Amino acid sequence: MKREHHTYPKLDFTKEELQERFKRQLRVEQACTVTIDSVEAIKPVTEHMARMRELLAEQRAQWQKVLLQALRESKLILTKTNTKDYKLNLYPYLCLLEDKEYVDIMIQSIASLPLSGESLKILARNLGNRIYTKYCVRQKHQNRTVEKLASIYDAYTDLLAKDTKVYNVLPREQWCKLEMEQRSGPTLQGGEASWPYIVTLELGTFMVDMMVKNLKINSDILNPACDRKLIPILYHMYAFRSTRQVGFIKPHPILTQMQQEAMETTLTFDSSVMPMLCPPVPWTSVKFGAYLLTPAKLMRTLEGAMQHDQLLEKCQNLHPVFDSLNQLGNCAWRINKPILDIIISIFNDRGSDELDIPPPLSEAPKIPHFNPQDPTYTASEKAHMKREVINAKKKCSEMHSLRMDALYKLSIAHHMRDELFWFPHNMDFRGRTYPCPPYFNHLGSDVTRAMLVFAEGKPLGSKGLDWLKIHLVNLTGLKKRSSLRERLEYANSIMEDILDSADDPLNGKKWWMEADEPWQALGCCMEIANAVRSPDPTKFISHFPVHQDGSCNGLQHYAALGRDVIGATSVNLMPCEVPQDVYSGVAQQ
C-alpha cells in the first residue's frame with residue numbers, strides 16, 4: 001500500500017555471481033548428501049587409529065554386500081506375496097531408487113547413531129524421509145522441473161543483483177510473476193504429493209529390521225581372546241518414557257568403540273543441514289519455498305498430525321508470513337574465522353567446560369567394573385556400585401552426544417569458512433521463525449553465534465562504535481539495571497581489558513572469559529579493537545551483528561493492544577532513563 005518511494009534492497013552480488021552460486025547449490029542438492037572434513041582430521045594419525053579405520057572400511061564393504069543381497073531377496077519375496085487390501089505393500093516404494101542407494105542410506109544412518117541408541121520411530125522416520133527426499137530430487141530431474149527452476153531463478157536474480165535495474169516488488173511477487181510468464185512445461189508447485197506419514201514410517205521400519213537382522217560383526221574383532229561368533233551390531237531394546245514403553249535401536253559397544261577410536265576424517269550429512277550457497281527460493285505457497293530441490297515445510301508440525309496441515313491449508317492470506325520468512329532468508333552470512341580457529345584449537349586440545357566446548361570422551365569418568373556375584377560385597381555396597389556404573393554410563397553418553405553436536409557444528413563452520421551463505425527459514429505453529437539447517441545457525445548457542453557475522457558490512461557511522469560497546473556490555477550480563485549511557489561509560493572505562501582480550505585471548509588477562517556469553521564477547525572485543533585502531537572509526541566497515549531484544553515481548557503486545565500505560569512502562573514501551581524489569585515489578589505487587 002505504501003511503496004511509492006520504496007524499492008526492494010539489492011544484495012551485494014552481481015547477477016553473474018548469483019547465477020554461479022545457484023549452479024553450485026543445485027549440485028549440492030542433486031547429490032542429496034554432503035561429505036565434509038571433520039575438524040578432528042587435523043589430529044596426527046596414530047597406528048591404532050589407522051588400524052580402526054581400516055577395520056571399519058572392511059566391515060562397511062562387507063555390510064554393503066550383505067544388505068544388497070538382503071534387499072534383493074526381500075523384494076523377490078514381496079513380489080510373490082499376495083498382500084490383502086488393508087496391508088501396505090512396500091514393493092513399489094523399494095523400486096523408486098537403485099538398490100545401492102537404499103543401502104547407502106542405511107549405512108549412512110549407522111554412523112550417526114547415538115551411544116544410548118535412537119528411538120525406533122525416529123530412526124525409521126529419518127530413513128523414510130531420506131528416501132522420500134532422494135525420490136523427490138530424482139523426479140524433478142526426470143520431469144524437467146530442474147531446467148524450469150533454473151530458468152526462473154535466472155530471471156529472479158534481476159531483483160536481487162546489484163548490477164540490474166531496481167524493482168519495487170517483493171521476492172514472492174516477482175517469483176509468482178515469473179512463474180506466470182513461463183507457464184509452459186512442468187509446474188514447479190504441487191508436483192509431488194507428500195507421502196502419508198505411515199508410508200514413511202513403514203518403509204523406514206522395514207529398513208531398520210533389515211539392518212538389525214543382517215548386519216553382524218565378529219565378536220573377537222577387538223579382542224582376539226574372545227570366542228569368535230557373529231554378533232549383531234544393532235539390537236532392539238525397550239525403555240520406559242514416563243508410562244510408555246518405547247522401542248530403541250542401540251549400537252553394540254564394539255561398534256561404538258571402533259567408531260570412536262577410528263576418529264574418521266570425514267562426516268556425511270543430508271544436504272539440507274548445510275546453509276545454502278545462493279539466496280533461497282522465496283516462499284510462494286505452503287508447499288513451495290526454501291531449498292531448490294529438497295522438500296521443506298513452511299510450518300514445522302509433529303509428524304503425522306494431520307490437523308495442523310488442514311488448518312494451514314484453510315489459512316487466508318499468508319502473504320505477510322511468506323514475505324517475512326523471505327526477508328530473513330535473504331540475509332547473507334559468513335564465518336568469523338579468527339573466532340572459529342580459536343574454538344577449534346580448544347576443541348582439539350581437551351575442550352573446556354567453562355567455555356562450553358565439550359571435552360573428548362578420553363576425559364570421561366571411567367566406568368567402574370565389579371562382579372555382582374562376588375560374596376565379599378554387602379548388599380548396600382553392591383547397590384552403591386551399581387548406581388556408580390549407571391551414573392558413569394549416563395555421563396559418558398551425555399558427553400558423547402554433546403561432543404558430537406559440537407563436532408558437527410564446527411566441521412560445518414570449517415567447511416563453510418571461505419563461503420558466503422544463506423539460511424532458509426520456516427516457522428512453528430505460533431509463528432516463531434527458525435532457520436531450516438538444524439545444527440549450525442544464528443539461533444544456536446553462544447559458541448555457534450560467535451562464529452557467524454553478516455556477509456555484507458556497513459560503515460559504523462557516528463553512533464556505530466558506541467553500539468558495539470553497549471552490545472559488549474550487554475553480552476557480559478553485568479549492567480542489566482544501568483541506562484545505555486552508563487553502559488557506554490563502563491565500556492570506555494575497561495577499554496584496556498577489551499583490547500587485551502582481543503590481542504591475546506588465551507594468554508592475556510582473559511577478561512572476556514568472565515562474560516555471560518564469552519565467545520560473542522570475544523568476537524565483539526576484536527571488532528571494537530579493529531574499529532578503534534582504524535584511521536577513522538566512523539568509516540570502519542563492520543560485519544558484526546548487534547542484538548536488540550524485546551523485553552517480555554508477549555506482554556509488550558498485550559500492553560499495546562490494551563493501550564495500557566502502566567504495563568507498557570514495565571516492559572520498556574515508554575521512554576525511561578533506566579531499563580524497567582517487569583519481573584521485579586510483579587514480585588513487589
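Counted from 1, the sequence shown has number 543 at position 543 by full-length UniProt numbering; the numbering is strictly sequential. Glycine is no exception: its CB is placed at the ideal position from the N, C-alpha and C atoms. A quick note: this is a predicted structure, and the numbers were derived from the prediction, not measured.
Report the three-state DSSP secondary structure of Ser534 (helix, strand or coil). coil
Name the residue from Leu468, Asp504, Ser74 whose alpha carbon lies nearest to the alpha carbon of Phe540. Leu468
Output yes or no for whether 8 Å exceeds the beta carbon distance between Ile36 and His415. yes
Near Lys15, which residues of its chain fall below 8 Å by C-beta distance, leaving aside the five closest residues on each side in sequence? Thr157, Asp158, Ala161, Asp163, Thr164
At what residue ranges does the stretch 110 to 169 contain a whole run of the alpha helix (DSSP H), taking only runs of 4 or more? 120 to 142, 145 to 160
Touch check for the stretch 140 to 154 and the stretch 173 to 189: three-plus C-beta pairs under 8 Å? yes
Using CA coordinates, which residue listed in Asn492, His471, Arg563 is at the minimum distance from Ala521? His471
For the alpha helix (DSSP H) that Asp503 lies in, which residues bound it at each end? 495 to 503
Classify Ser74 as buried or exposed, calling it buried when 16 or more other Cβ atoms lie within 10 Å of its own Cβ. buried
Just to confirm my understanding: we take Ala502, look at its own chain, exclude 5 residues before and 5 after, and list those with CB closer than 6 Å. What are they? Cys525, Met526, Ala529
In whole angstroms, give me the CA-to-CA distance for Lys479 and Gly554. 24 Å
Would you decide whether Thr448 is buried or exposed? Buried here means 16 or more other CB atoms lie within 10 Å of its CB. buried
Determine the DSSP secondary structure at Met276, reduced to helix, strand or coil. strand
Could you tell me the alpha carbon to alpha carbon distance between Asp12 and Glu456, rounded to whole angstroms? 7 Å
Does the distance from the C-beta atom of Asn426 to that of Tyr439 stay below 8 Å? no
For Pro251: DSSP bridge partner residues: Leu234
Give me the DSSP bridge partner(s) of Ile105. Bridge partners of Ile105: none, in fact.
Tell me which residues share the same chain as Ser462 and place their Cβ nearer than 7 Å to its Cβ, disregarding the 5 neighbours each side in the sequence. Thr538
Would you mind stating whether Tyr135 and Leu94 have Cβ atoms separated by less than 8 Å? no
Can you tell me which of the three DSSP states Met52 falls into? helix
Reference Lys216, options Glu398, Lys65, Met574, closest by Cα: Lys65
Can you give the beta carbon distance from Trp519 to Ile390, rounded, assuming they're within the 8 Å contact cut? Not confirmed; about 34 Å, so no contact.
Buried/exposed call for Met574, threshold 16 Cβ in 10 Å: exposed
What three-state label does DSSP hand Phe423 in the structure shown? coil
In or out: Thr376 buried (at least 16 other Cβ within 10 Å) or exposed? exposed
Coil, strand or helix - Arg334 by DSSP: strand
Asn474 - containing alpha helix (DSSP H), residue span: 461 to 476
Whole angstroms are fine: how far does the CA of Ser38 sit from the CA of residue 634? The shown model of the chain, from 1 to 589, leaves out residue 634, and the question about it has no answer.
Take the Cβ of Tyr102 as the centre, count every other Cβ of all protein chains shown within 10 Å, and call the residue buried at 16 or more, exposed below. buried
List, from N- to C-terminal side, the beta strand (DSSP E) runs of 3 residues or more that fit wholly inside the stretch 7 to 65. 33 to 37
Is it buried or exposed, Ala31, if we count other Cβ atoms within 10 angstroms and call 16 or more buried? exposed
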